[in-house]
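Numbering (my numbering), first residue to last: 25 to 98. Here the structure is laid out as structure tokens; the discussion comes afterwards.
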């Protein structure tokens, strides 16, 4: 992506085990400084409000992350 991002503090750390691999997922508070986000290696993406998150299905590791993200918004 042709963007510049100011990376802040880590806000979430999720570890999850699938049958054949483990995920160590870290989420940081970031600010987009320059550029536009585009679809490089994903089928699609969109910005949604916290209230809309329950309308989407996520893999198990992402469910943990989404739950923690929603806790940050309260």
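Here a beta-carbon is modelled for each residue, glycine too, at the ideal position from N, C-alpha and C.
Alpha carbon of residue i to alpha carbon of residue j, nearest angstrom
i           : j          : result
residue 51  : residue 34 : 6 Å
residue 82  : residue 88 : 9 Å
residue 96  : residue 41 : 24 Å
residue 69  : residue 45 : 25 Å
residue 59  : residue 29 : 9 Å
residue 80  : residue 71 : 12 Å
residue 66  : residue 73 : 20 Å
residue 63  : residue 55 : 18 Å
residue 103 : residue 43 : Because the chain in this structure spans residues 25 to 98, residue 103 falls outside the shown range and cannot be described.
Residue i vs residue j beta-carbon contact at 8 Å
i          : j          : result
residue 47 : residue 85 : yes
residue 49 : residue 31 : no
residue 93 : residue 36 : yes
Distance cut-off 7 Å: residue i Cβ against heavy atoms of the ligand FMN
i          : result
residue 54 : Among the components modelled here there is no ligand, and therefore nothing to report on the ligand FMN.
Selected residue, minimal CA-CA separation from residue i, among the options
i          : options        : result
residue 77 : 60, 59, 61, 91 : 91
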